[in-house]
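**Q**
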Amino acid sequence: MDLNDLRAFVAQHDNFEIRVIGHAGNRFYQVELEDVEGQRHMLTSTGKPMLFRSLDDVYLELKRAGVNRAYLVEQVPEDEMIGHRARYRDPLNARMPLVF
C-alpha cells in the first residue's frame, strides 16, 4: 500500500488500525495498516517497505494521509536477529497510543 492508496483507504473507511513499528532499538520505523478483516498492509514506496528515521517523519506522512491516531509497537528483537517472521511484544495491548 503506497501513500496514495493509504489516503484513499482512510477517506473511505473508519474501522482500521495503524501501527508504527519500531525496529532495531527504534532507529527506524515502518507503518502497517490492519483492516477489519485482519489483513495487514505495509506502507510502501515503489514496491518496497517505507522506512522512516524518526517519529516526526511518520507523523508528517500520516497527517498528510488523513490519519490522526496510530499505535507504536516494538517487534521482538530476538526474532529480527535470527530471521524469523516479525511478531510484536505480547500482549499487543501494551502498545503506546500516538495522537497527532
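Our numbering numbers the first residue of the sequence shown as 467 and each following residue consecutively.
For every residue, glycine included, the Cβ atom is placed at its ideal position computed from N, Cα and C.
Computed from a prediction, not measured in an experiment: that's the story for all the values here.
Grouping DSSP H, G and I as helix and E and B as strand, with all else coil, what is Gln-496?
**A** If DSSP states are grouped into helix, strand and coil, Gln-496 belongs with the strands.
**Q** Quick check on this structure: which residue in Leu-521, Pro-563, Asp-468, Glu-483 has the alpha carbon closest to the alpha carbon of Lys-514?
**A** Taking only the C-alpha atoms, the option nearest Lys-514 is Asp-468.
**Q** Can you say whether Met-562 is buried or exposed, counting buried as having 16 or more other CB atoms within 10 angstroms of its CB?
**A** With fewer than 16 Cβ atoms within 10 Å of its Cβ, Met-562 is classed as exposed.
**Q** Using DSSP bridges, identify the partner residues of Thr-512.
**A** None; Thr-512 has no bridge partner.
**Q** For a quick check, are the C-beta atoms of Leu-509 and Phe-482 less than 8 Å apart?
**A** Their beta carbons are not under 8 Å apart, which means Leu-509 does not touch Phe-482 by this criterion.
**Q** On the CB-based measure, 16 or more other CB atoms within 10 Å of its CB, does Gln-496 come out buried or exposed?
**A** The residue is buried, with at least 16 neighbouring Cβ atoms inside 10 Å.
**Q** In the DSSP assignment, find the unbroken alpha helix (DSSP H) run with Leu-469 in it and report its ends.
**A** It spans 469-478 - the alpha helix (DSSP H) in which Leu-469 sits, taken as one unbroken run.
**Q** Quick one: is Val-565 buried, meaning 16 or more other Cβ sit within 10 Å of its Cβ, or exposed?
**A** So Val-565 counts as exposed.
**Q** Could you check how far apart the C-beta atoms of Val-486 and Val-524 are, in whole angstroms? I think they sit under 8 Å.
**A** That pair is a contact at about 5 Å.
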